[in-house]
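K.L.:
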Amino acid sequence: MIYNSNDSGQNLLCVTDFYLHPNHDAAQIKRTLHDVALTSAYLQIQQPVVVIVMEKPWGTHYRLKAYPVDPHQQFLFITDLTVRGKAAQTRLRVEFTTVPTVPR
210 MIYNSNDSGQ
220 NLLCVTDFYL
230 HPNHDAAQIK
240 RTLHDVALTS
250 AYLQIQQPVV
260 VIVMEKPWGT
270 HYRLKAYPVD
280 PHQQFLFITD
290 LTVRGKAAQT
300 RLRVEFTTVP
310 TVPR
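See the structure below:
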C-alpha cells in the first residue's frame, strides 16, 4: 500500500511499506531501510527520513517515510525504495510475510 501526503508545496511525503515475518532483528532492518532511503538518487536530503515499526498479529510492518526531490518523481522514488529495500532485506535473509486479506 502506498500513501503520499502533500501540503501543496514542493514537499511530498511518500510512504513505502514492508512486511516481514516477526523472527528478525528489528533494529537491523530499521537501520537498513533508513540507509536505503539515504542512498536513493530521488531523496530530498534536507527532509527527514523516518522508519516506523509496528508489530501486527501476522508479522512486523515497516513504514519508510521520506520525501523525493521532485514531487513528480513520487512513483520512481517509491519504486526505488521498494526494489532496493527488498534487495537489502533479502541479503539479510529475512523472511517476508503477507498481510491477510479480508473476505468480502
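The sequence shown begins at 210 in the working numbering and counts up one residue at a time. By construction, the Cβ of each residue, glycine as well, lies at the ideal position given by its N, Cα and C atoms.
Please state whether DSSP places A275 in a helix, a strand or coil.
P.N.:
A275: strand per DSSP, three-state reduction.
K.L.:
Using DSSP's beta-bridge definition, name the partner residues of K265.
P.N.:
K265 is bridged to G268.
K.L.:
Using the Cβ count rule (16 or more neighbours within 10 Å means buried), how would you classify D279?
P.N.:
Classification for D279: exposed.
K.L.:
Is the beta carbon of Y251 less than 9 Å from the beta carbon of Q298?
P.N.:
Their beta carbons are not under 9 Å apart, which means Y251 does not touch Q298 by this criterion.
K.L.:
Using the beta-carbon count (16 or more within 10 Å), is F286 buried or exposed?
P.N.:
So F286 counts as buried.
K.L.:
Report the residue from A275, V260, E264, H230 whose alpha carbon sits nearest the alpha carbon of T307.
P.N.:
Comparing Cα positions, the closest option is H230.
K.L.:
Along the chain, where does the alpha helix (DSSP H) that runs through A250 open and close?
P.N.:
Unbroken run through A250: none, as it is neither H nor E.
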